[in-house]
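First the structure, in the form of structure tokens, and then the observations on it.
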Amino acid sequence: MSYQDITMDVGDGVAVVTINRPDRANKLRFQTARELLDAFRRVREDRAIDVAILTGAGDKFFCIGGEHEPLESLDYSSVMPVIDLYEFIDTMPKPVIAAVNGYAVGGGNVLQVVCDLSIAAPHAVFRQVGPMVGSFDAGYGTWYLEETIGRRRAKEMWYLNKKYSADEALNMGLVNEISSGGSSLDRALEVAGDLRKRGPFAISAVKTAFSGRHSGVVGQARMAHDLLLTAYRSTAECHELADAFEARREPDRSRFNR
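The numbering used here puts the first residue of the sequence shown at 174, with every later residue one more than the last.
Following this line, the structure appears as structure tokens:
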């Protein structure tokens with residue numbers, strides 16, 4: 174596949190996969206998710222690659238979630254395979270490091286959560302905005318987030334939609350470390366070099382144990398994804414909230430289904 178929305182650079186046993194839509198805040202769309210899946214499949218199949226790093230282009234955005242599409246333009250053939258992407262990153266037998274170079278919001282925060290390790294730039298910001306824009310992630314974005322930072326913090330992120338600095342993210346366990354003296358990608362490359370010194374079979378076995386413990390989340394995540402798709406296709410609430418958020422106006426709550 175020739176890539177439009179991402180880049181992939183491979184060297185010294187490490188693949189750097191970059192979401193390359195900085196003019197769109199590195200938002201995910203169908204093409205982006207499809208290309209990311211292809212890239213990680215290549216990582217899994219290439220015996221010369223031991224570690225993958227996921228990051229965003231530029232120095233402001235890691236990824237701020239999915240691109241909002243009007244209700245009338247949606248159809249099942251163009252729905253982002255985002256659950257497939259989360260599942261693949263979580264279960265592939267090679268470690269994936271998130272180099273969070275800026276804002277990680279919504280699905281972007283979920284992306285860094287499902288990676289094995291996460292390294293934040295000092296200016297990185299983390300946030301879940303689902304209920305503000307009529308969206309939600311009732312699978313990986315809640316189950317894994319709860320295990321990562323605890324039930325109370327996870328509910329706080331989803332219910333109150335607060336912004337968290339890199340320091341706050343580190344203190345709550347949302348990331349492993351904050352890069353110092355260089356970019357998050359530079360530090361991720363150093364960590365990838367350390368990982369390559371470990372036994373690849375041992376690392377894959379440990380990762381399989383971690384992901385296998387949560388196999389139930391796959392079915393829950395798919396159910397939640399289908400529920401969200403139904404909501405997008407059959408209710409005005411999601412679209413009115415998202416449209417109002419982008420237009421910076423108060424939503425017309427009379428359009429909500431109750």
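Where a beta carbon is used, it is the ideal one built from N, C-alpha and C, also for glycine. Treat the numbers as computed from the prediction; the structure is a model and nothing was measured.
Bounding residues of the beta strand (DSSP E) (the contiguous stretch that carries residue i)
i    : result
F235 : F234 to C236
I476 : No statement about residue 476 is possible, as the shown extent of the chain runs from 174 to 431 and does not include it.
T228 : V224 to G229
D263 : Not the beta strand (DSSP E): D263 falls in the alpha helix (DSSP H), residues V255 to T264.
R415 : Reading the sequence as shown, one finds Ala at residue 415 and not Arg. Unbroken run through A415 is the alpha helix (DSSP H), E410 to A420; no beta strand (DSSP E).
A458 : Since the displayed the chain opens at 174 and closes at 431, residue 458 lies outside it and no answer follows.
For residue j and residue i, the rounded distance between their alpha carbons
i    : j    : result
F261 : G231 : 25 angstroms
S388 : R326 : 23 angstroms
A257 : E423 : Here the sequence assigns Asp to residue 257, which means Ala is not the residue at that position. C-alpha separation (whole angstroms): 34 angstroms.
Q204 : V306 : 22 angstroms
P268 : V379 : 10 angstroms
F429 : K335 : 24 angstroms
L290 : S427 : 43 angstroms
Extent of the continuous alpha helix (DSSP H) run through residue i
i    : result
V348 : Per DSSP, V348 belongs to no alpha helix (DSSP H) and is neither H nor E.
D182 : Counting along the chain, D182 falls outside any alpha helix (DSSP H), though it belongs to the beta strand (DSSP E) covering I179 to G184.
A212 : F203 to E218
E329 : R324 to L333
7 angstroms Cβ cutoff, residue i in contact with chain C
i    : result
K370 : The chain inventory of the structure shown lacks chain C, comprising one protein chain alone.
Closer than 6 angstroms: residue i CB and nearest the ligand MG heavy atom
i    : result
T321 : The model on display carries no ligand, and the ligand MG is accordingly not part of it.
Cβ neighbours of residue i in the same chain (closer than 7 angstroms, five flanking residues each side left out)
i    : result
G184 : none
M330 : Q301 and L318
C288 : L227, I262, V269, I270 and A271
F418 : M305 and V306
Same chain, Cβ closer than 6 angstroms to residue i, neighbours up to 5 away in sequence not counted
i    : result
F234 : A198, N199, G275 and Y276
A397 : A311 and G312
S377 : P266
G314 : V283
Contacting residues, own chain, Cβ-Cβ under 8 angstroms from residue i (five flanking each side not counted)
i    : result
V278 : C236, I237, G238, V298, F299, R300, Q301 and V302
R214 : F261
A188 : M181, D182, A212, R215, V216, D219, I222, V224, A225 and I226
V286 : Y313, G314, Y317, L318, T321 and L347
Residue ranges of each alpha helix (DSSP H) run of no fewer than 4 residues wholly in the segment 275 to 315, ordered along the chain? 280 to 287
Would you call the segment 231 to 240 and the segment 346 to 354 touching, i.e. three or more CB-CB distances under 8 angstroms? no
Count Cβ pairs between the segment 363 to 374 and the segment 217 to 230 that sit closer than 8 angstroms; are there 3 or more? yes
Validate contact between the segment 180 to 194 and the segment 205 to 215 using beta carbons, cut 8 angstroms, 3 pairs: yes
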